[in-house]
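Residue numbers (this note's numbering): 304 to 587. Taking it in order: structure first as structure tokens, then the write-up.
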Amino acid sequence: MKLDISDIKTKEVLSWEGIHLLHFKGSACSQKLRIFLNIKNIDWHSHEINLIKQEQFSEWFLGINPRGLVPTLVDNGEVHIESNDIMMYLDEKFTKNKLYPDDKFDEILSDLAFEDSLHHDLRRLTFRYIIPHRLGKKDLKKLSFKESYIGTINGKEDEHKERELLFWKNHYDNGITDKEVIESASKFKEIYTKFDSQLQKNKFLKGNKFTIVDLAWYVSTKRLFTAGIPINKYENVKRWFDDLDNDKRFSSEIKIDAPIKLFKQILKIKNKMMGKYLTDLVKF
Ligand SMILES: N[C@@H](CCC(=O)N[C@@H](CS)C(=O)NCC(=O)O)C(=O)O
Numbered sequence: 304m305k306l307d308i309s310d311i312k313t314k315e316v317l318s319w320e321g322i323h324l325l326h327f328k329g330s331a332c333s334q335k336l337r338i339f340l341n342i343k344n345i346d347w348h349s350h351e352i353n354l355i356k357q358e359q360f361s362e363w364f365l366g367i368n369p370r371g372l373v374p375t376l377v378d379n380g381e382v383h384i385e386s387n388d389i390m391m392y393l394d395e396k397f398t399k400n401k402l403y404p405d406d407k408f409d410e411i412l413s414d415l416a417f418e419d420s421l422h423h424d425l426r427r428l429t430f431r432y433i434i435p436h437r438l439g440k441k442d443l444k445k446l447s448f449k450e451s452y453i454g455t456i457n458g459k460e461d462e463h464k465e466r467e468l469l470f471w472k473n474h475y476d477n478g479i480t481d482k483e484v485i486e487s488a489s490k491f492k493e494i495y496t497k498f499d500s501q502l503q504k505n506k507f508l509k510g511n512k513f514t515i516v517d518l519a520w521y522v523s524t525k526r527l528f529t530a531g532i533p534i535n536k537y538e539n540v541k542r543w544f545d546d547l548d549n550d551k552r553f554s555s556e557i558k559i560d561a562p563i564k565l566f567k568q569i570l571k572i573k574n575k576m577m578g579k580y581l582t583d584l585v586k587f
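Right, dumping it as structure tokens:
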């Protein structure tokens, strides 16, 4: 989605030349976009928005993307938001190696909208099994700055704002509850069961050609596997995933740092001792 010039309050970006990505190493949506840029061989400038330091709530960044979310693209002074829309925009601009093929365009848009609708489910499992509550909690002062920030998306108040704030307020108060884990992990169980049967017949999710849908689900699958979804149980999904993961253009963008590995291990042991690990709560 391209923002209107009136939405952009941080005016300096209007004079940025070339392709600039505002992103964060550990963000799944940013990983998706960086892999896309690798596959398409597009040159870009990097601007890190550190989500651990909660730089996404700064006035500077909200003045570029009022949703306060990464990734955000600036292309010669134009601001584009929403990872799937950004990739669609770039795929049309750089037509070599199309990842949104014309013959499947509408189907792909609806698959990506579905994938995007699961973002909070992915987040729930991340913030229960990978990032400890104490570290993942947002700073209430910064959160209330975002709440009071008046930003517009194409001239209108952002419809996503309430939902985003509610997620983090609930997380602050309650962490991620067992009920939420069961609800979200059950959705992925159903999805991978379906994918496994699709991938029995086809090499990729949309047939025998790699598309943006494979890229989006590769990133989510890597994250979900890290959180504890037993991907190994789905033979065809595992083969599809391993093939992509063996490609450096993919795996190089999703390196799990040593501290995250440690947190994940601690959370695994803690949850297992309580009989509340992901696979204790949902049987795969
Ligand atoms: N639908 C958005 C989701 C973007 C999103 O939620 N990004 C996360 C990182 S993966 C983020 O910026 N989180 C910061 C926050 O929630 O404060 C997209 O696809 O771009």
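Idealized CB from N, CA, C, for every residue including glycine. Keep in mind the model is a prediction, meaning the values are calculated, not measured.
Chain-order list of residues whose beta-carbon lies under 6 Å from that of LEU306 (same chain, five-residue window excluded): VAL382
First and last residue of the uninterrupted alpha helix (DSSP H) at ILE569: 561-576
Cβ distance (whole Å) where THR514 is taken to contact PHE507 below 8 Å: 7 Å
Beta-carbon proximity list for SER333, same chain, < 6 Å, skipping 5 on both sides: HIS326, PHE327, VAL373, PRO374
According to DSSP, residues forming a beta bridge with ASP378: ILE322, GLU381
Exposed unless 16 or more other CB atoms sit within 10 angstroms - verdict on ASN588: There is simply no residue 588 to check, as the chain begins at 304 and stops at 587 in what is shown.
SER489 CB to nearest heavy atom of ligand 1 below 6 Å: no
Where GLY510 sits in the DSSP three-state scheme: strand
Closest Cα partner of LYS472 within the set TYR452, HIS436, THR455, PRO533: HIS436
Cβ-heavy atom distance, SER386 to ligand 1, below 6 Å: yes
For LYS305, the three-state DSSP class (helix, strand or coil): strand
Residue interval of the alpha helix (DSSP H) (run including GLU450): 443-451
For GLU493, the first and last residue of its enclosing alpha helix (DSSP H): 481-504
Outcome for ASP424 when other beta-carbon atoms lying within 10 angstroms are tallied against a minimum of 16: buried
Inter-residue Cα distance where the pair is GLU362 and LYS586: 44 Å
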